[in-house]
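Novice: Encoded as structure tokens, here's the structure I'll be asking about.
Number of protein chains: 2
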Amino acid sequence: MAISRAAKTQRRTRIQEEKEELILEAALDVFSQNGFRGSTIDQIAEAAGMSKPNLLYYFRTKEAIHRQLIDRVLTTWLEPLRVFDADGDPESEIRSYIRRKLEMARDFPRESRLFANEILQGAPRIEDELKGPLKALVDEKAGVIRTWSRAGKIARCDPYHLIFSIWSTTQHYADFDVQVRAVLGQAHSGEGRFEDAARFLEQLFMDGLRVR
Amino acid sequence: MAISRAAKTQRRTRIQEEKEELILEAALDVFSQNGFRGSTIDQIAEAAGMSKPNLLYYFRTKEAIHRQLIDRVLTTWLEPLRVFDADGDPESEIRSYIRRKLEMARDFPRESRLFANEILQGAPRIEDELKGPLKALVDEKAGVIRTWSRAGKIARCDPYHLIFSIWSTTQHYADFDVQVRAVLGQAHSGEGRFEDAARFLEQLFMDGLRVR
DNA sequence: GTAAGCTTTTACCAAGCGGTTAAATTATCG
DNA sequence: CGATAATTTAACCGCTTGGTAAAAGCTTAC
Numbered sequence: 001m002a003i004s005r006a007a008k009t010q011r012r013t014r015i016q017e018e019k020e021e022l023i024l025e026a027a028l029d030v031f032s033q034n035g036f037r038g039s040t041i042d043q044i045a046e047a048a049g050m051s052k053p054n055l056l057y058y059f060r061t062k063e064a065i066h067r068q069l070i071d072r073v074l075t076t077w078l079e080p081l082r083v084f085d086a087d088g089d090p091e092s093e094i095r096s097y098i099r100r101k102l103e104m105a106r107d108f109p110r111e112s113r114l115f116a117n118e119i120l121q122g123a124p125r126i127e128d129e130l131k132g133p134l135k136a137l138v139d140e141k142a143g144v145i146r147t148w149s150r151a152g153k154i155a156r157c158d159p160y161h162l163i164f165s166i167w168s169t170t171q172h173y174a175d176f177d178v179q180v181r182a183v184l185g186q187a188h189s190g191e192g193r194f195e196d197a198a199r200f201l202e203q204l205f206m207d208g209l210r211v212r
Numbered sequence: 001m002a003i004s005r006a007a008k009t010q011r012r013t014r015i016q017e018e019k020e021e022l023i024l025e026a027a028l029d030v031f032s033q034n035g036f037r038g039s040t041i042d043q044i045a046e047a048a049g050m051s052k053p054n055l056l057y058y059f060r061t062k063e064a065i066h067r068q069l070i071d072r073v074l075t076t077w078l079e080p081l082r083v084f085d086a087d088g089d090p091e092s093e094i095r096s097y098i099r100r101k102l103e104m105a106r107d108f109p110r111e112s113r114l115f116a117n118e119i120l121q122g123a124p125r126i127e128d129e130l131k132g133p134l135k136a137l138v139d140e141k142a143g144v145i146r147t148w149s150r151a152g153k154i155a156r157c158d159p160y161h162l163i164f165s166i167w168s169t170t171q172h173y174a175d176f177d178v179q180v181r182a183v184l185g186q187a188h189s190g191e192g193r194f195e196d197a198a199r200f201l202e203q204l205f206m207d208g209l210r211v212r
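So this is what it looks like as structure tokens:
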């Protein structure tokens, strides 16, 4: 009799490996567009090209798929902040943090939206991760920024709100993509818009709007 | 025989007025937290303190409630941009636009989240409004900013991305409230965080991070 | 007060939902 | 090949969902 897989066996077959990846990929599509409650197992199964019971053979519940997806995304999502270097040059560290975050918005918009959906709906499934690991990491990096700020290497400012503003401006291009495209119209909606955004944000964070 | 109301009659009774308002208020709560697909008529009905069939007497479908809510929010939501004055002082116009948007994030977070949910999920129900009235308004104001920029009154920058960055940084405090609270912790999660945010954003947009 | 219209309730669908069961099928390995 | 385990399918279940029908209860204007 087949054991319900993942729960018990440590060994994973080739098919398990492949199908689980297929399901997670499909689920990322579906969850990132409809949120958790708005997504159905049927949708995910269809997107993965298999039947619902077949999908449920690999993941016991809808929540289990979502859980694994969130865990995976959280790790990679915070990578740019993790490499933020206390010993680097403040200005270029911030500059490249912005660039990396913007690249992630461009290259992994679904991951950004999955996360945004979760937060927007009150983060019922990831509250602990936010208050634990995320807060710890931000606290650490905010400390670094504060040091720079006090040493006069960058302007005096609240490091937390600086981080928030970098998150929001960059993720905006993934999360609000439809709106950005609608407003920019056909003309500026090509790939060049990320270059324009990068140029603008770099200038904003470095110089503000004041004429110089 | 009772006509299904809204569709036909122009006259609205006192009770209609009151109940519709009650429903919209409840629906704003529910939709802003769960998105369209994630919300149920039962949830809304319960939040409004009435039975589902009773609610459906006032709004014929779930979509009709959402529609009216979105229409209403869209109007008020763009008000701050509308009052953006071409003849005003550039620096103080931008400054007060930021302040107004931040106040809206503070005072109307549900409206912000309703909108964010809609955009995040691909804006299937408001694409036309985005490409029409919204784009028109943004185009107009972007023109104003470009004029200021070219006249050397503010730094040279892409006006569209400037508007996006103001939207994203301010709305972040409504849409990602849970995350902001989680990261800031008990200490800075009081009402003061909006003051801190205002101070930071004002400085960011006016001066950037460069030491002066 | 009473009749007309407005509002609410009770009872009900058909479809969609997350998930289960068990049998049929296929892959793997000695 | 044959046996064993892994995978897939068909059939199903109880609950929730958006929405309807019809009758009962309530307001309002005459």
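Chains A and B, in that order, give the protein sequences.
When we follow UniProt numbering, the leftmost residue of the first sequence carries the number 1, and every step to the right adds one.
When we follow UniProt numbering, the leftmost residue of the second sequence carries the number 1, and every step to the right adds one.
From the three backbone atoms N, C-alpha and C, an ideal C-beta is built for every residue, glycine too.
As the structure is a prediction and not an experimental result, all values here were calculated from the model.
#1: Around the C-beta of VAL83(B), are 16 or more other C-beta atoms found within 10 angstroms, so that it is buried, or is it exposed?
#2: What do you get for ASN54(B), buried or exposed, if any count of 16 or more other CB atoms within 10 angstroms of its CB means buried?
#3: By Cβ distance below 8 Å, which residues in the same chain neighbour VAL138(A) in space, the five residues on each side in sequence not counted?
#4: Flag VAL180(B) as yes if its beta-carbon sits less than 8 Å from any beta-carbon of chain A, otherwise no.
#5: Going along the chain, which unbroken runs of the alpha helix (DSSP H) with 4 or more residues stay wholly within the region 174-199 of chain B?
#6: Name the residues in the region 158-170 of chain B whose C-beta lies less than 9 Å from a C-beta of chain A; which are they?
#7: Candidates SER168(A), LEU114(A), ARG199(A), ILE119(A): which alpha carbon is nearest VAL178(B)'s?
#8: Taking only heavy atoms of the ligand NAD into account, decide whether any of them is closer than 7 Å to the Cβ of LEU55(B).
#9: Just to confirm, is the Cβ distance from ALA174(A) to PRO109(A) under 8 Å?
#10: Please state the DSSP three-state secondary structure of SER4(B).
#11: Just the Cα atoms here: how many angstroms apart are SER112(B) and THR75(A)?
#12: According to a CB-to-CB cut-off of less than 8 Å, which residues of the region 110-130 of chain B neighbour chain A?
#13: Could you confirm whether any beta carbon from chain B is found closer than 8 Å to the beta carbon of ARG99(A)?
#14: Quick check on GLY208(A) - is its C-beta less than 8 Å from some C-beta in chain B?
#15: Report all residues from its chain with a CB closer than 8 Å to the CB of GLN121(B); omit the five preceding and five following residues, and keep chain order.
#16: Rounding to the nearest angstrom, what Cα-Cα distance links ASP128(A) and PHE176(A) in this structure?
#17: Could you have a look at LYS141(B) and say whether DSSP puts it in helix, strand or coil?
#18: Let me know the secondary structure DSSP gives SER39(B) once reduced to three states.
#19: Name the chain A residues that come within less than 9 Å of LYS135(B), Cβ to Cβ?
#20: Only counting runs of 4 or more residues, tell me where the alpha helix (DSSP H) segments fall wholly within the region 69-101 of chain B, in order along the chain.
#21: What whole-angstrom Cβ distance do ARG95(B) and PHE194(B) have, given they're in contact under 8 Å?
#22: Whose CA, out of CYS157(A), GLY152(A), GLN171(A), lies closest to the CA of ARG199(B)?
#23: Beta carbons nearer than 7 Å to chain B: which residues of the region 23-45 of chain A have them?
Specialist: A quick look at the data gives this:
#1: exposed
#2: exposed
#3: LEU81, TYR160, ILE163
#4: Under the Cβ distance rule, VAL180(B) counts among the residues neighbouring chain A, one pair being separated by less than 8 Å.
#5: 177-188
#6: ASP158, TYR160, HIS161, LEU162, ILE163, PHE164, SER165, TRP167, SER168, THR169, THR170
#7: ILE119(A)
#8: Absent from the structure shown: the ligand NAD. Ligands present: none.
#9: Going by C-beta atoms, ALA174(A) is nearer than 8 Å to PRO109(A).
#10: Because the pLDDT at SER4(B) is just 39, under 50, the model does not fix this residue reliably, and the point stays unresolved.
#11: 28 Å
#12: ARG113, ALA116, ASN117, ILE119, LEU120, GLN121, GLY122, ALA123, GLU127, LEU130
#13: no
#14: yes
#15: GLY35, PHE36, ARG37
#16: So the alpha carbons of these two residues sit roughly 26 Å apart.
#17: helix
#18: coil
#19: ALA182, VAL183, LEU184, GLY185
#20: 79-82
#21: No, ARG95(B) and PHE194(B) are not in contact; Cβ-Cβ is about 16 Å, not under 8 Å.
#22: Distances from the CA of ARG199(B) to each of CYS157(A), GLY152(A), GLN171(A) were compared; the closest alpha carbon is that of CYS157(A).
#23: GLN33, ASN34, GLY35, ARG37, GLY38
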